[in-house]
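Following: one structure in structure tokens, then a few remarks.
There are 2 protein chains.
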Amino acid sequence: MPEFLDLHGRTNKVVRAAAEAVLRRHGLRLGQDHLLAVLWEHDGSTPGEVAAALNVTTPTVVKMATRMTAAGLLTRRRDDRDSRLVRLWLTETGRALREPIEAERRLLEEKITADLTETERRHLMSALAKIHRSASDVLGGAPIDPAD
Amino acid sequence: MPEFLDLHGRTNKVVRAAAEAVLRRHGLRLGQDHLLAVLWEHDGSTPGEVAAALNVTTPTVVKMATRMTAAGLLTRRRDDRDSRLVRLWLTETGRALREPIEAERRLLEEKITADLTETERRHLMSALAKIHRSASDVLGGAPIDPAD
DNA sequence: CGCGGAACGTTAGCCGGTAAATGATTAGCC
DNA sequence: GGCTAATCATTTACCGGCTAACGTTCCGCG
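Protein chains in written order, with numbering that gives the first Met the number 0: chain A, 0 to 147; chain B, 0 to 147.
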């Protein structure tokens, strides 16, 4: 059992759980803050645009938007000029969450990286970036087997 | 949007995707290799034991075991002496996957950490361990609000 | 011996994520 | 102008994960 894969996975799990706990106190679920973040910057984005911004598939955004609409955070409206498009608009409630959620997220990051020195933190980010790149290469370069 | 939370999350996602791609070529899905790993060491474990070993809830193991049984990787049998217990036994197919899957996993880890020097890798593991600990503390220390 | 509580696995229902099929609308080309 | 092809969102169906409710089986105590 490779060490890094294991540790990284376990770490991600507990970090996710911590984020989930924080978000729940504001009535949000795990990915919903990211969706909101896109709209905070570009209110009226389409599901496809949001999906692209979040590196997620469109159905994921559609379903999440449905729940968030029911929760009163969003509004769905078809685009007037191109009725294939749907635009997601923030409600006042959704807009009001921006400050608290952003603060909460900063606080969580601080807590979680509290035991690291500034140097450690820089090195960690750099190493993670390299891992991210390598993993992307594995993903993008290997799926098609040329000998097949 | 905090840097570490963001980068760590994105990295995890691409790493997961890479692992998924590898496993799929062997007919497995994302968490199933972990379940198998437990049985490779302790064949005949109960769902509860497996769940504890994987840091996952029992229902997750139960459902996964159901699918893996249907896929011919596992066998379910009630314990003779205590019929509350259910024991999961590897089939020959499930047992035969051990070598290839472990090799595949080692290879993936190598590929993914290829751009890191040995020092970088050590520092990364150490930093991740600290993060893991801090996040666990956030999770275990904050959920109960004493003022409530 | 019996009865209540503890220890299990299973089921049901939700959430985020994916791929694949469906449906509606626009754009483009003849 | 009309037919085809591209572009969107949505639906369906699956998977891993969780919590909560349920049903069995055992254990210990009176």
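Beta carbons are placed, not taken as given, at the ideal position from N, Cα and C, and that holds for glycine.
Determine the direct distance from the alpha carbon of residue j to that of residue i, and round the result to whole angstroms.
i	j	result
L87 (chain B)	R76 (chain B)	7 Å
K57 (chain A)	R24 (chain B)	Inspection of the sequence shows that residue 57 (chain A) is occupied by Thr rather than by Lys. Answer to the nearest angstrom: the Cα atoms are 26 Å apart.
A64 (chain A)	G93 (chain A)	12 Å
L34 (chain B)	H41 (chain A)	42 Å
D78 (chain A)	R66 (chain B)	43 Å
G26 (chain A)	E108 (chain A)	20 Å
E155 (chain B)	G43 (chain B)	Only positions 0 to 147 of chain B appear in the structure, and residue 155 (chain B) is not among them; the question remains open.
L22 (chain B)	V60 (chain A)	26 Å
L89 (chain A)	D81 (chain A)	20 Å
L84 (chain A)	A113 (chain B)	43 Å
G8 (chain A)	P1 (chain A)	11 Å
L73 (chain B)	L4 (chain A)	25 Å
S135 (chain A)	V55 (chain A)	15 Å
L115 (chain B)	A51 (chain A)	29 Å
E19 (chain A)	I111 (chain A)	14 Å
T68 (chain B)	T118 (chain A)	48 Å
L29 (chain B)	L38 (chain B)	16 Å
By the three-class DSSP mapping on this structure, what secondary structure does residue i have?
i	result
T74 (chain B)	strand
R24 (chain A)	coil
R86 (chain A)	strand
D42 (chain B)	coil
L53 (chain B)	helix
L4 (chain A)	helix
L115 (chain A)	coil
D32 (chain B)	helix
D79 (chain B)	coil
L96 (chain B)	coil
Any beta-carbon of chain B closer than 9 Å to the one on residue i?
i	result
H41 (chain A)	no
H25 (chain A)	no
P1 (chain A)	yes
Chain A beta carbons: is any one of them nearer than 9 Å to that of residue i?
i	result
R104 (chain B)	yes
L4 (chain B)	yes
R97 (chain B)	no
T10 (chain B)	yes
R15 (chain B)	yes
D137 (chain B)	Inspection of the sequence shows that residue 137 (chain B) is occupied by Val rather than by Asp. At least one chain A Cβ lies under 9 Å of V137 (chain B).
A52 (chain B)	no
H7 (chain B)	yes
Proximal residues, the region 108 to 135 of chain B versus chain A, C-beta separation under 9 Å: E108, E109, K110, I111, T112, A113, D114, L115, E119, R120, H122, L123, M124, S125, A126, L127, A128, K129, I130, H131, R132, S133, A134 and S135
Residues of the region 56 to 84 of chain A with Cβ closer than 9 Å to any Cβ of chain B, in chain order: none
With a threshold of 8 Å, are at least 3 pairs of Cβ atoms found where one atom belongs to the region 127 to 139 of chain A and the other to the region 4 to 14 of chain B? yes
With three or more C-beta pairs closer than 8 Å as the rule, is the region 92 to 106 of chain B touching the region 121 to 128 of chain A? no
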